[in-house]
Structure formats: structure tokens, C-alpha cells
Amino acid sequence: MKSLVLYSSVTGNTEKVAKRIAEVSRRKGHDVAIVKIDDETNVDLLAYDLVFLGSAVHQWLPTNMLMNYVKRMLKTYFTSSVVVPCCPIRPGKYAVCFCTYSGPHTGVSEAIPATKWMRAFLEHVGFTVLEEWHTVGEFKNREENSTKGRLGNIKGRPDEHDLAEIEDRVIGILNALKLCDFSL
Numbered sequence: 008m009k010s011l012v013l014y015s016s017v018t019g020n021t022e023k024v025a026k027r028i029a030e031v032s033r034r035k036g037h038d039v040a041i042v043k044i045d046d047e048t049n050v051d052l053l054a055y056d057l058v059f060l061g062s063a064v065h066q067w068l069p070t071n072m073l074m075n076y077v078k079r080m081l082k083t084y085f086t087s088s089v090v091v092p093c094c095p096i097r098p099g100k101y102a103v104c105f106c107t108y109s110g111p112h113t114g115v116s117e118a119i120p121a122t123k124w125m126r127a128f129l130e131h132v133g134f135t136v137l138e139e140w141h142t143v144g145e146f147k148n149r150e151e152n153s154t155k156g157r158l159g160n161i162k163g164r165p166d167e168h169d170l171a172e173i174e175d176r177v178i179g180i181l182n183a184l185k186l187c188d189f190s191l
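Just so you know, our numbering puts 187 at position 180 of the sequence shown, and the rest follows in order with no gaps.
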């Protein structure tokens with residue numbers, strides 16, 4: 008299975024998660040590309056069977072870098088008629104959305120809109136989105152948001168416990184997909 012881990016990270020939290028996803032996927036025998044989004048990123052998601060799309064959360068949404076990538080790709084996908092009315096589900100195309108967030112004001116509810124936004128994009132392209140993952144990450148620019156927020160003291164996160172949870176989730180997804188018949 009050809010997999011892609013495509014992500015935007017500002018402070019390194021999302022990058023930790025992305026690297027763990029790629030590491031576990033490789034260990035399980037998958038051909039994995041890992042790409043940190045920049046202004047020039049132009050990766051065709053349809054070249055992959057499994058896409059992990061991730062971002063840091065900023066004001067309830069993915070980063071501007073990720074959103075600009077999505078807008079560029081949507082333009083391409085609309086022009087080439089990939090995105091059409093009643094977007095067809097593409098057999099053998101699966102995805103997981105993931106994010107890191109600090110949630111200092113209202114907790115995980117600050118992260119959910121970001122993964123829903125990414126999910127909507129992936130579904131427009133025809134991917135079956137299997138899960139949405141929300142991982143706590145330290146708010147690195149303002150200590151009080153990492154120590155006095157809704158989630159309590161989140162300094163140092165994502166930590167090894169968080170990354171072990173990501174590892175278990177990746178293994179679960181890969182095991183579930185092994186049971187699928189990709190020839191359908």
C-alpha cells in the first residue's frame with residue numbers, strides 16, 4: 008500500500024506526530040512518503056492509497072499553509088473534473104485527518120473544526136476518511152496557555168505517551184485495511 012503523510016507544523020508538535028505515523032507505517036511494510044507542506048507543495052493525493060493529512064490548529068482551523076495547499080489542489084481537482092457533483096467515493100482511497108492542539112479556552116472543541124475542514128476536502132476528492140485524531144500539544148508561544156488552560160498542564164506534549172497512542176491508532180488502521188479487498 009502506498010501511503011502519504013502530509014502535514015503542516017508550526018512549532019514541531021504536528022511534525023512529531025507525522026514522523027511517528029510514517030515510522031510505524033514503514034515498520035509495517037508500507038511504502039511511505041512524508042511531506043511537510045510549504046508554499047510550493049503540489050502533491051497529488053490520488054497517487055496514494057492511504058493519506059494521513061495533518062495540521063496544527065490555529066483559531067479552530069488548520070494552518071494557513073495547509074489551507075493554501077488545499078485551495079491550490081482544489082483548483083487543480085476542479086479543473087481536471089476530479090471534484091464533481093455528488094463526489095464519487097474512490098475505491099481503495101482512504102484517509103485519516105490528524106491535528107495537534109492546545110485547547111486553552113474550550114479544550115478539544117477548538118480542534119474538531121480543523122479536522123472536519125480537512126475531512127471535507129478529502130471527501131471532495133473521493134477519499135473515505137476513516138478517522139479524525141486530535142492530539143494535545145504544548146502551546147509554545149505563551150506558557151499560561153500550556154499551564155492554566157482547559158486541559159491543565161500540557162507542557163512537553165505531545166509526549167511519548169501521546170505518540171504511543173498514535174502508534175496504536177496507526178497499527179489499528181493498517182490492520183483494518185489489510186482485511187479489505189482492494190480489487191473491488
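For every residue, glycine included, the Cβ atom is placed at its ideal position computed from N, Cα and C.
Paired residues, beta bridge with residue i - DSSP
{"i": "SER62", "result": "SER15 and CYS106"}
{"i": "GLY156", "result": "GLY159"}
{"i": "LYS185", "result": "DSSP lists no partner for LYS185."}
{"i": "VAL136", "result": "ALA102"}
{"i": "SER10", "result": "VAL39 and LEU57"}
Neighbourhood of residue i by C-beta, 8 Å cutoff - its chain only, sequence neighbours within 5 removed
{"i": "SER190", "result": "Residue confidence is low: SER190 scores 42 on pLDDT, short of 50, so the model does not pin down where it sits. No coordinate-derived value is stated."}
{"i": "ALA63", "result": "SER15, SER16, VAL17, THR18, ASN20, THR21, PRO69, THR70, CYS106, THR107, TYR108 and GLY144"}
{"i": "HIS37", "result": "MET8, LYS9, SER10, LEU57 and LEU181"}
{"i": "LYS43", "result": "TYR14, SER15, SER16, GLU22 and ALA25"}
{"i": "ALA183", "result": "LEU137"}
{"i": "SER153", "result": "SER109, PRO111, GLU145, PHE146, LYS147, ASN160, ILE161 and LYS162"}
{"i": "ASN75", "result": "ASP46"}
Host alpha helix (DSSP H) of residue i (start-end)
{"i": "ALA127", "result": "119-132"}
{"i": "GLU145", "result": "Run containing GLU145: none; DSSP gives neither H nor E here."}
{"i": "GLU47", "result": "Segment: none, GLU47 is in no alpha helix (DSSP H) and carries neither H nor E."}
{"i": "SER116", "result": "SER116 -> no alpha helix (DSSP H), and no H or E assigned at all."}
{"i": "ARG164", "result": "Taken as a continuous stretch (DSSP letters only), ARG164 belongs to no alpha helix (DSSP H), as it is neither H nor E."}
{"i": "ARG33", "result": "20-34"}
Cβ shell of residue i (< 7 Å), same chain only, five flanking positions each side left out
{"i": "ILE28", "result": "VAL12, PHE59, ILE173 and VAL177"}
{"i": "VAL31", "result": "GLU174, VAL177 and ILE178"}
{"i": "ARG33", "result": "VAL39"}
{"i": "THR113", "result": "ARG157"}
CA nearest to the CA of residue i, picked from the options
{"i": "VAL89", "options": "ARG157, ASN148, LEU52 and GLY110", "result": "LEU52"}
{"i": "VAL136", "options": "ARG149, ASP46, THR122 and GLU30", "result": "THR122"}
{"i": "LYS147", "options": "ILE96, GLY163, MET125 and VAL132", "result": "GLY163"}
{"i": "GLU150", "options": "MET125, ILE161 and THR83", "result": "ILE161"}
{"i": "PHE85", "options": "SER153, PHE128, CYS104 and GLY61", "result": "PHE128"}
{"i": "CYS93", "options": "ASP169, LEU170, HIS131 and ASN152", "result": "HIS131"}
{"i": "LYS100", "options": "TRP140, ASP169 and TYR55", "result": "TYR55"}
{"i": "GLN66", "options": "TRP124, GLU167 and LYS82", "result": "TRP124"}
Beta strand (DSSP E) segment containing residue i, residue limits
{"i": "ALA54", "result": "No beta strand (DSSP E) contains ALA54, which DSSP labels as neither H nor E."}
{"i": "VAL42", "result": "38-43"}
Close-in-space but distant-in-sequence residues of the same chain around residue i (CB under 6 Å, 5 per side omitted)
{"i": "GLY110", "result": "GLU117, ARG157 and LEU158"}
{"i": "ARG97", "result": "GLY133"}
{"i": "GLU167", "result": "none"}
{"i": "MET72", "result": "SER15 and ILE44"}
Beta carbon proximity, residue i to chain B, threshold 9 Å
{"i": "TYR55", "result": "Among the chains in the structure shown there is no chain B, since it carries only a single protein chain."}
Which whole runs of the alpha helix (DSSP H) in the segment 69-94 are 4 residues long or more, in chain order?
71-86
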